[in-house]
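Colleague: The sequence shown begins at 0 in numbering that gives the first Met the number 0 and counts up by one. Cβ coordinates follow ideal geometry from the N, Cα and C atoms, glycine included.
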Amino acid sequence: MKKAIFSAPYKIDFQNVDIPSITPDEVLLRIISIGVCGSDIQMYHGLHKYMTYPVVPGHEVSAVVEKVGANVKDFKVGDRVTVEPQIYCGECYPCTIGRFNVCENLKVKGVHADGFAAEYVATEPSYLHHCPADMDFDKITLVEPLAVGVGSVKRAHYKGANVAVIGAGTIGNLIAQSAQALGAGKVLVTDFLDSKLDYAKECGIENCVNTKDIGLAKAIENTFGKRKADVIIDAAATRGSFMSALDASRPSSEIVITGNYKQPMELEIPRLQRREVNLIGHMMYVREDFADAIRFLAKGTVNTNGFVSQRFALNDFDAAFKFIDEHPNDVMKAVIDIGSR
Ligand SMILES: [Zn+2]
Ligand SMILES: [Zn+2]
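Structure (structure tokens):
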């Protein structure tokens, strides 16, 4: 079977290896497809701070169970599944209270340990989530990024809240749709690109505003009135996006940081302290967020029609990154097709 390995920046090797054997406690997955994520792009460019080469990438996965170990009870051959890629220690304090996403020893498959860019992968079933038998494989591939969106919204007091999301790319779009699906009040998504906002509108996000000329504060006032935003979620992760969130916040707003900031920045702390603005970090998801994501996609509560914008074969993994580098604004979700559906 074939697998892809990131061996150095801008270098992907393909290896032909035996199909892995499984222990009685494992299952063998036949991988159908993987999604290409922002962190894969950072890894490809050699800019990911927390990874080391070589590694098999791929953490957004759709797969079918191919073989089941004798001791495995909950899965059978033919089941459609997705994978939760977090490897946690189970022993640190956050793990003991179910906050596996901030495990003090967290590793992520496809980043710090081998992922799923392979035709077959052996895994313990505890990493798997069942998906409905008729669930479309593209939707299954989108469960992981949607779980990030769900996890992001749940970091704030979102019920009935005015929620503004900065950035209408893959994650911003899924955060805004998660907010609507989870029962936020009004939801606004902003971007500088009309094409992303037009697509956000097609997905059913209520308020989609280009803030290039008017700025975030004005967009928030126009949409939410004098109550402004209870929650501002930053999926753009630039100095400009954070400063605009701070400028647009009102006393007691919550600002959730979901995007990956690449640069340190200075902050005028009294603007948080004196206005009781709550700055909240967010990392990935917990198990229930995955379950919500599967339910929302299976029922169509979150709309991902047209979300997969490009498809590539495993052999053309390089071509996917070249395309993304050359057309960053034309990509919602590029998918690598690995196994037949
Ligand atoms: Zn991802
Ligand atoms: Zn832990």
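In chain order, what residues of the same chain lie with their CB nearer than 8 Å to the CB of LYS153, ignoring the 5 residues before and after it?
Modeller: Within the same chain, LYS153 has close Cβ partners LEU181, ASP288.
Colleague: Apply the 10 Å Cβ neighbour rule to LEU364 and answer buried if 16 or more other Cβ atoms are within range, or exposed otherwise.
Modeller: No information on residue 364 is available, as it lies outside the stretch 0 to 340 that the chain covers here.
Colleague: Mapping DSSP to helix, strand and coil, what is LEU127?
Modeller: DSSP places LEU127 in strand when its eight states are reduced to three.
Colleague: Using C-beta distances below 6 Å, list every residue in its chain close to PHE341, excluding the 5 sequence neighbours before and after it, in chain order.
Modeller: This structure cannot settle anything about residue 341, because the visible part of the chain is limited to 0 through 340.
Colleague: What is the residue span of the alpha helix (DSSP H) that THR189 lies within?
Modeller: Segment 186–190 is the beta strand (DSSP E) holding THR189; no alpha helix (DSSP H) there.
Colleague: Which residues in the same chain have their Cβ closer than 8 Å to the Cβ of PHE223, if we skip the five residues on either side of it in sequence?
Modeller: ASN161, ALA163, LYS185, LEU187.
Colleague: Starting from the Cα of TYR119, find the closest Cα among GLU205, ALA62, GLN272 and give me that residue.
Modeller: The candidate whose alpha carbon is nearest that of TYR119 is ALA62.
Colleague: Grab me the residues of GLN41's own chain with a C-beta within less than 6 Å of its C-beta, minus the 5 sequence neighbours each way, in chain order.
Modeller: These residues qualify, in order along the chain: HIS47.
Colleague: Tell me, please, which residues DSSP counts as bridged to ASN328.
Modeller: Paired residues: none, contrary to the question.
Colleague: Using the three-state DSSP reduction, which class does ALA290 fall into: helix, strand or coil?
Modeller: Correct three-state label for ALA290: helix.
Colleague: From CYS207 to SER251, what does the alpha carbon distance come to, in whole angstroms?
Modeller: C-alpha separation (whole angstroms): 24 Å.
Colleague: Hey, is HIS58 close to ligand 1, as in C-beta under 8 Å from one of its heavy atoms?
Modeller: Answer for HIS58: yes, Cβ within range of ligand 1.
Colleague: Around the Cβ of GLN272, are there at least 16 other Cβ atoms within 10 angstroms (buried) or fewer (exposed)?
Modeller: With fewer than 16 other Cβ atoms within 10 Å, it is exposed.
Colleague: Taking the runs of the alpha helix (DSSP H) that are 4 residues or longer, which of them lie wholly in the stretch 151–199?
Modeller: List check, alpha helix (DSSP H) in window: 169–181.
Colleague: With distances taken from CA atoms, which of ARG226, HIS156, ALA234, VAL147 is nearest ASP391?
Modeller: Outside the shown range of the chain, which is 0 to 340, sits residue 391, and nothing can be said about it.
Colleague: Using only the alpha-carbon positions, how far apart do TYR43 and ASP12 sit?
Modeller: Roughly 12 Å between the two C-alpha positions.
Colleague: Is there contact between the stretch 100–116 and the stretch 268–287, where contact requires at least three CB pairs shorter than 8 Å?
Modeller: The stretch 100–116, when compared against the stretch 268–287, does touch it at the 8 Å Cβ threshold.
Colleague: So which of CYS36, VAL149, PRO8, ALA3 has the shortest CA-CA distance to ARG294?
Modeller: Looking at the Cα atoms, VAL149 is the closest of the given residues.
Colleague: What does DSSP give as the partner residue(s) for GLN14 in the beta ladder?
Modeller: Per DSSP, LYS2.
Colleague: If you draw a straight line from the C-alpha of PRO84 to the C-alpha of CYS94, how long is it?
Modeller: Rounded to the nearest angstrom, the two C-alpha atoms are 15 Å apart.
Colleague: Of the choices ARG226, LYS227, ALA228, ALA216, whose alpha-carbon is the least far from that of MET242?
Modeller: Nearest of ARG226, LYS227, ALA228, ALA216 to MET242, Cα basis: ALA216.
Colleague: Express the C-alpha separation of LEU173 and ASP17 in angstroms, rounding to a whole number.
Modeller: The straight-line gap from Cα to Cα measures roughly 37 Å.
Colleague: Taking VAL330 as the reference, give the member of ALA132, GLY37, ILE31, TYR9 with the closest Cα.
Modeller: Nearest option by C-alpha distance: GLY37.
Colleague: Measuring from the CB of ASN104, is there a heavy atom of ligand 2 at a distance below 8 Å?
Modeller: Yes.
Colleague: Can you tell me whether CYS36 sits near ligand 1, meaning its C-beta is under 8 Å from at least one heavy atom of the ligand?
Modeller: It does: the Cβ of CYS36 is within 8 Å (strictly closer) of some heavy atom of ligand 1.
Colleague: Beta carbon of ALA175, beta carbon of ILE204: below 9 Å?
Modeller: Cβ atoms of ALA175 and ILE204: closer than 9 Å.
Colleague: Using CA coordinates, which residue listed in ALA333, PRO19, GLY34, PRO8 is at the minimum distance from LYS1?
Modeller: Taking only the C-alpha atoms, the option nearest LYS1 is PRO19.
Colleague: Could you work out which residue in GLY166, MET264, PRO144 is closest to ASP291 when comparing CA atoms only?
Modeller: Selected option, being the one with the closest Cα: PRO144.
Colleague: VAL76: buried (16+ other C-beta within 10 angstroms of its C-beta) or exposed?
Modeller: Exposed is the call here.
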